[in-house]
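Counting in our numbering, the sequence shown runs without a single skipped number right up to 628 at its last residue.
Virtual Cβ for every residue (Gly too), placed ideally from N, Cα, C.
Bear in mind that the values here come from a model prediction, so they are computed numbers and not experimental data.
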Amino acid sequence: MNIGFIGLGNMGGGMAANVLRAGHDLTVHDLRREAATPLLENGASWADTPAEVAAASEVVLTSLPGPREVEAIALGDSGVLEGSTSGKVYIDLSTSSPTLIRSIAEDFAAKGVSVLDAPVSGGPVGARTGRLAVMVGGDREVYERVKPALDAIGDKVSYIGPVGSGSIAKLMHNCIGYGLQTIVAECLTLGVKAGVDPEPLFEAISNGSVGRGSSFANTYPNTFLAGNFDPPSFALRLAHKDVSLALELAREYGVPMSVGNIAHQELTSALNRGWADLDSRVAMKLQEERAGNVEVRIEKADADALEA
Ligand code: NAD
């Protein structure tokens with residue numbers, strides 16, 4: 321396949337090298353020409369503008385800092401749209417705005433050019449080694465057609481839904497990650513201030529169910545996603561007791577616990593619904609109500625498949 325790649329930074333540099341390694345013809349562009357040097361030495365061609373990249377390629381990939389750059393490169397002067405003709409495909413790998421990519425897709429469709437959003441997760445090491453999750457939004461038939469290009473950059477390429485869906489999934493993923501980072505910082509500082517050495521503390525948490533990632537591997541699929549809270553695998557009253565004890569310790573040692581206190585209030589509100597003996601994940605239903613009666617449920621068979 322003739323592939324174009326624009327944005328050869330920490331992520332794009334590694335991904336573009338893997339596109340080349342998979343045997344595709346590659347045309348590249350970046351603001352910093354030096355970022356292209358290793359690719360040009362391995363057979364890639366240089367283009368002076370995004371429009372020239374698009375003219376030379378069946379599929380154009382971009383990996384840019386954010387919405388401002390994506391909009392400029394896609395729609396601006398000498399941009400991807402300007403150099404594209406009907407039947408080509410533009411795929412944005414950046415973490416960017418779902419609303420923007422939906423609007424870009426409309427502009428491109430007017431010229432017969434398909435658009436996918438396909439943000440990635442796995443960091444620069446994953447970009448270099450090809451171990452990336454690629455979350456793809458857009459037309460499924462277009463996705464199937466260009467999958468070989470995406471398989472060159474990631475080992476977990478999945479179709480999420482219509483254009484914008486990949487970006488939504490990626491933003492939710494990162495928001496979860498940084499929410500977790502905040503509570504991890506709270507609990508590590510409290511644990512150390514209360515007298516445990518950082519190394520054994522970190523190791524203990526890593527070895528526990530949280531550290532092993534069991535929430536996503538089986539707890540959420542079996543409880544919250546399945547709507548299954550009875551019988552409990554860990555009762556709400558016990559979870560409430562544990563977080564209460566952690567916050568007592570925080571008061572004793574003078575460590576502020578912003579997210580810990582929010583978690584405690586959530587569990588308290590759930591207790592007041594009469595849910596003490598249900599599974600503790602039942603507390604997640606409170607947010608479903610506040611979000612406007614959104615229900616996050618998965619059919620049993622699909623939840624079982626997720627658990628794999
Ligand atoms: P980066 O800043 O290292 O790379 C961005 C590249 O885009 C640079 O080479 C820059 O010169 C180029 N660029 C910027 N504006 C340009 C323009 N107008 N024309 C041409 N080239 C332009 O950023 P990164 O870490 O590679 O991240 C790229 C995207 O991937 C971001 O959206 C980021 O959120 C996402 N992402 C990053 C990571 C990570 O761990 N770094 C992980 C997953 C996703």
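Own chain partners of residue i with C-beta closer than 6 Å, once the 5 adjacent residues on each side are dropped
i, result
"Thr-347", "Gly-324, Ser-365, Ala-367, Val-373, Ala-376 and Ser-377"
"Val-530", "none"
"Ala-603", "Glu-586, Leu-587 and Ala-590"
"Ile-411", "Leu-381, Leu-436 and Ala-438"
"Tyr-463", "Val-456 and Tyr-479"
"Lys-513", "Tyr-573 and Val-575"
"Val-466", "Val-379 and Val-409"
Cα-Cα separation, residue i to residue j
i, j, result
"Ile-496", "Lys-490", "10 Å"
"Pro-468", "His-344", "10 Å"
"Val-563", "Glu-426", "48 Å"
"Ala-546", "Ala-438", "28 Å"
"Asn-527", "Ile-326", "41 Å"
"Ala-559", "Ser-600", "6 Å"
"Ala-566", "Gly-332", "43 Å"
"Leu-420", "Lys-561", "45 Å"
"Phe-554", "Gly-580", "19 Å"
"Ala-570", "Glu-361", "57 Å"
"Gly-386", "Ser-487", "11 Å"
"Lys-408", "Gly-484", "19 Å"
"Phe-544", "Leu-340", "42 Å"
"Glu-506", "Gly-574", "12 Å"
"Val-440", "Asp-597", "40 Å"
"Gly-446", "Trp-595", "42 Å"
"Glu-402", "Ala-356", "22 Å"
Cβ-based burial, residue i [other Cβ within 10 Å; buried from 16]
i, result
"Leu-359", "buried"
"Tyr-498", "exposed"
"Glu-523", "exposed"
"Asp-350", "buried"
"Ser-406", "exposed"
"Asn-548", "buried"
"Pro-518", "exposed"
"Ser-434", "buried"
"Ser-383", "buried"
"Asp-622", "exposed"
"Pro-551", "exposed"
"Lys-431", "exposed"
"Thr-449", "exposed"
"Ala-371", "buried"
"Ala-394", "buried"
"Phe-536", "exposed"
"Ser-414", "buried"
"Leu-500", "exposed"
For residue i: DSSP bridge partner residues
i, result
"Asp-345", "Asn-322"
"Lys-561", "According to DSSP, Lys-561 bridges with nothing at all."
"Tyr-479", "Val-456"
Pick from the options that is closest to residue i, judged by C-alpha positions
i, options, result
"Met-335", "Ser-423, Lys-431, Glu-391 and Ala-453", "Ala-453"
"Thr-502", "Ser-478, Ile-582, Arg-610 and Asp-599", "Ile-582"
"Gly-399", "Cys-507, Glu-519, Thr-369 and Ser-383", "Thr-369"
"Ser-416", "Val-462, Glu-402, Met-492 and Ser-434", "Met-492"
"Ala-342", "Ala-355, Gly-363, Gly-443 and Thr-357", "Gly-363"
"Tyr-479", "Arg-352, Phe-428, Gly-457 and Ala-505", "Gly-457"
"Arg-422", "Glu-402, Val-390 and Pro-444", "Val-390"
"Glu-461", "Pro-418, Pro-482, Ala-472 and Leu-556", "Pro-482"
"Arg-353", "Ala-337, Gly-329 and Leu-340", "Gly-329"
"Val-379", "Asn-538, Asn-494 and Ser-404", "Ser-404"
"Gly-459", "Pro-444, Ala-429, Arg-593 and Lys-476", "Position check: residue 459 holds Asp in this sequence, whereas Gly was assumed. Comparing Cα-Cα distances from Asp-459 to each of Pro-444, Ala-429, Arg-593 and Lys-476, the minimum goes to Ala-429."
Residues near residue i in its chain [Cβ-Cβ closer than 7 Å; skip 5 each side]
i, result
"Gly-511", "Leu-521"
"Ile-525", "Gly-531"
"Glu-615", "Glu-608"
"His-584", "Val-563, Ser-564 and Leu-567"
Nonlocal neighbours in the same chain, by C-beta distance under 8 Å from residue i, ignoring five residues either side
i, result
"Gly-442", "Arg-451, Leu-452, Ala-453 and Gly-474"
"Thr-509", "Val-575"
"Arg-617", "Leu-545, Ala-546 and Gly-547"
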